[in-house]
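Going by my numbering, the first residue of the sequence shown is number 42, and it counts up by one from there. Glycine is no exception: its CB is placed at the ideal position from the N, C-alpha and C atoms. Since the model is a prediction, treat every value here as computed from it, not as a measurement. Written below as structure tokens is the structure these notes are about.
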Amino acid sequence: MRIDAVAICATDLEIIHAGSPASIQGGLPFNKNFTPGHEYMGSVAALGPDVDEFRIGERVSVEIHAGCGQCKRCRQGMYTSCLNYGKPEKGHRANGFTTDGGFAEYAVNHINTLARVPDSMSDAEATLVVTAGTSMYGLTELGGLVAGESVVVIGPGPIGLLAVAVAKALGASPVILTGTRNKRLAIGQELGADRVININDEDAVAVVKQLTGGIGADYVVECAGTEATLNQAIHMTNRGGKICLAAFPHEAATLDIAHLVRNNIYAYGIRGEGRSATRRAMELMAAKRFDATRIHTHTFPLADLPTALRYARDRVDDAIKVVVTTRKADAIARAAE
42 MRIDAVAICA
52 TDLEIIHAGS
62 PASIQGGLPF
72 NKNFTPGHEY
82 MGSVAALGPD
92 VDEFRIGERV
102 SVEIHAGCGQ
112 CKRCRQGMYT
122 SCLNYGKPEK
132 GHRANGFTTD
142 GGFAEYAVNH
152 INTLARVPDS
162 MSDAEATLVV
172 TAGTSMYGLT
182 ELGGLVAGES
192 VVVIGPGPIG
202 LLAVAVAKAL
212 GASPVILTGT
222 RNKRLAIGQE
232 LGADRVININ
242 DEDAVAVVKQ
252 LTGGIGADYV
262 VECAGTEATL
272 NQAIHMTNRG
282 GKICLAAFPH
292 EAATLDIAHL
302 VRNNIYAYGI
312 RGEGRSATRR
322 AMELMAAKRF
332 DATRIHTHTF
342 PLADLPTALR
352 YARDRVDDAI
362 KVVVTTRKAD
372 AIARAAE
């Protein structure tokens, strides 16, 4: 496929600057001709010998992971937890993580990772399908989300903000968002949050209990990954409720596990956008059930990728999702022919 646009994820920055979680050929990805980038979309440019599911020229959005297809987890649909993760000789691919990704002009993808982009959707919006799909996957693992159940999202980053949007689109009520930046909390309200909580001003656990009749939330999606917010998640979840751990904590955390056990609370770690969640997120976005572009704040051409990465890393101008496009470069190339 020809890549037309790619969004920058915090994990891209982690791979570029620290190597983790990508491990290429048994070591860090540096100096191994490795191309990061995993939230991309584009147009089909060529087909494999037996591919008849897509046509050349179709616009597609790309899911990161293509599992080996043969291990126990892949057969269960849990290809983001493939037991052959990082072993391309076994058929596993995770573009931008263990195999080449999207900060490029072209990429090779398995048909299982592609979803058609409707004509009504812009390139930039299509790059956000993976982020929305990750949020969708988290709610799927929590039980699919029954309409009318309460959801708290901790952390108004890209995944957290779209978790608010997906939860609301699936009928959750109330949907509560917590964080520290009022501007991002306001975007959360635009995406459907019934109540936002700035944890610098209010006790998040107390407010959630108040809003849920004293029992706590049915589901909590934890997207901040700090010891404090992880414990907030534990204490604001009701008995028998569920917590989705969607963030990568950078340090070991001391947690109130006894409270989890005493209250029969379940915790689920997720990675990526499993169980075809990107396709379901795409359908919600195509139906205009929410406007994912509310988190798209900046756009740069591929030639300015270093600047785009700096904006994402340093949150310049309060950047949330930075999108890199190759459309202009492609138009220049055609004009020169």
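It is roughly 28 Å from the alpha-carbon of K283 to the alpha-carbon of S61. M277 is a Cβ neighbour of V261, given a cutoff of 8 Å. Around the Cβ of A287, a 10 Å sphere holds 16 or more other Cβ atoms; the residue is buried. Following the DSSP letters along the chain, one finds E166 in no beta strand (DSSP E) but inside the alpha helix (DSSP H) bounded by residues D164 to A167. Taking all protein chains in view, the Cβ of P199 is crowded by 16 or more other Cβ atoms within 10 Å, so the residue is classified as buried.
Here N241 is exposed, its C-beta having fewer than 16 other C-beta atoms within 10 Å. In this structure, the CA atom of Y352 is about 20 Å from the CA atom of L203.
The Cβ atoms of G179 and S214 do not sit closer than 8 Å to each other. Note that the C-beta distance between A48 and V364 is below 8 Å. Looking at the DSSP output, L155 shares a beta bridge with V103. Residue environment for I105: buried (at least 16 other C-beta atoms within 10 angstroms of its C-beta). Contiguous beta strand (DSSP E) elements confined to the stretch 206-230 occur at 216-220, taking only those with 3 or more residues. Pairwise C-beta distances place the stretch 108-115 out of contact with the stretch 164-179, as fewer than three of them are shorter than 8 Å. Of R316, R368 and R354, the smallest CA-CA separation from R116 is found for R316.
DSSP places L286 in the uninterrupted beta strand (DSSP E) bounded by T278 to L286.
L183 is a Cβ neighbour of Y309, given a cutoff of 8 Å.
In this chain, the beta strand (DSSP E) harbouring S84 covers E80 to S84. If the five residues before and after L346 are omitted, its C-beta is found closer than 8 Å to the C-beta atoms of F144 and V365, all from its own chain and listed in chain order. For A308, the enclosing beta strand (DSSP E) stretches over residues Y307 to G310. Ranked by Cα distance from G78, the first of L88, A87 and A63 is A63. Annotated three-state conformation of G313 is coil, per DSSP. Contact check for G196 and T270: beta-carbon distance about 7 Å, within the 8 Å limit, so the pair qualifies. Between R236 and A86, the alpha-carbon positions lie close to 45 Å from each other. Partner residues in the beta bridge of N136, as assigned by DSSP, are T140. With respect to the 8 Å criterion, R157 and V101 are classified as neighbours on the basis of their beta carbons. Here DSSP, grouped into helix, strand and coil, assigns E263 to strand. Counting of Cβ neighbours within 10 angstroms places G313 among the buried residues, the total reaching 16 or more. In the structure shown, H339 adopts extended strand secondary structure according to DSSP, grouped into three states.
In terms of Cβ geometry, L186 and L211 form a close pair [threshold 8 Å]. Counting along the chain, the unbroken beta strand (DSSP E) around I238 starts and ends at R236 to N239.
With contacts defined by Cβ atoms closer than 8 Å, I44 and T367 form a contacting pair.
Across the set T253, K113, A165 and A333, the C-alpha of A165 shows the shortest separation from the C-alpha of F341. Remark: C-beta atoms of A234 and V216 approach each other more closely than 8 Å.
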